[in-house]
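In the UniProt record's numbering, the protein residues as written are 1 to 202. In this text, a Cβ means the ideal position worked out from N, Cα and C, and glycines have one as well. Have a look at the structure below, then the notes.
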Ligand SMILES: Nc1nc2c(c(=O)[nH]1)N[C@H]1C(S)=C(S)[C@@H](COP(=O)(O)O)O[C@H]1N2
Ligand SMILES: [Mo]
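Listed below in C-alpha cells is the structure:
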C-alpha cells in the first residue's frame, strides 16, 4: 500500500503555481502579533468608518453581523515566508460596509485601525471590488482571539500584515499614510507576487 504522502487532493505543479516567489507552503496557521492579544467583549466592540478625521458611520457587533455576508476561500501569504492555501473566511465585504454607510470609497488610500493600536495602509483599490472583507468567521467558526477575533481585515492578495487583526475601523485618507510596519520599513502596498516586502522593493 502506498498512500502516505499522496493524498490525491492537489497536484504538486498546481500547488507550486500558487506559491509566490520566496514563500514555502505550510499546513498550520502560525500566529504573528506585534504585542499581546487584546480581549474585546462583543458588547463593547464597535467599528468606525472615517473619511479623514470625520466619522461617517459606526457599527455595533450586532449591526455588523446584520450586514450582508460573503464567503472567500483564498491562499494567504506572510512576509515571514509562509503561505497557506484555501483558507475559508466569511464576513462583510469592504464594498458592503461602505454601501451601508451610504458613501462610495472617497479617496485612493485607506488606513486600517485595530484594538491593539496597530494600523496598516492599503490602496483603496485593493479593498473594493470584492477583493477584501471584514472577516467574522474562519473555517465556519468565530475567529479565535490570536488570529484577530472578533473581526479582522482580510486582504488575501497582499502580504498578511495588511490584514489587520482586531479591526475596529477603516479610515479613508487623501495621502498614502504609513501604518505600523510600513513606518518600520515595510512596503506601502505589499504584493507577494512582486515580492514587495520592504519600502524600496519595486
Ligand atoms: N492588529 C494587528 N493586526 C495584525 C498584526 C498585529 O500585530 N496586530 N500582525 C500582522 C502580521 S505581521 C501578520 S503576518 C498577520 C498574522 O496573522 P495571523 O496571526 O492570523 O497569522 O497579522 C497581521 N495583522
Ligand atoms: Mo507578518
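Check, Outcome
"Buried versus exposed call for residue 59 [16 or more other C-beta atoms within 10 Å across all chains shown]", "buried"
"Cutoff 7 Å; reference residue 42; Cβ partners in own chain excluding five residues on either side", "61, 150"
"For residue 143 and residue 168, the rounded distance between their alpha carbons", "15 Å"
"Three-pair Cβ contact test at 8 Å for the stretch 49-59 versus the stretch 169-183", "yes"
"For residue 90: DSSP bridge partner residues", "71, 137"
"First and last residue of the uninterrupted alpha helix (DSSP H) at residue 13", "12-17"
"Complete alpha helix (DSSP H) runs within the stretch 91-118 (minimum length 4 residues, chain order)", "94-100"
"Cβ pair count under 8 Å reaching 3, the stretch 83-93 against the stretch 128-137", "yes"
"C-beta contact flag for residue 37 and residue 84 at 8 Å", "no"
"Whole-angstrom distance between residue 178 and residue 77, CA atom to CA atom", "20 Å"
"Check: residue 166 C-beta below 7 Å from any heavy atom of ligand 1", "yes"
"Residue 109 versus residue 73 - alpha carbon distance", "25 Å"
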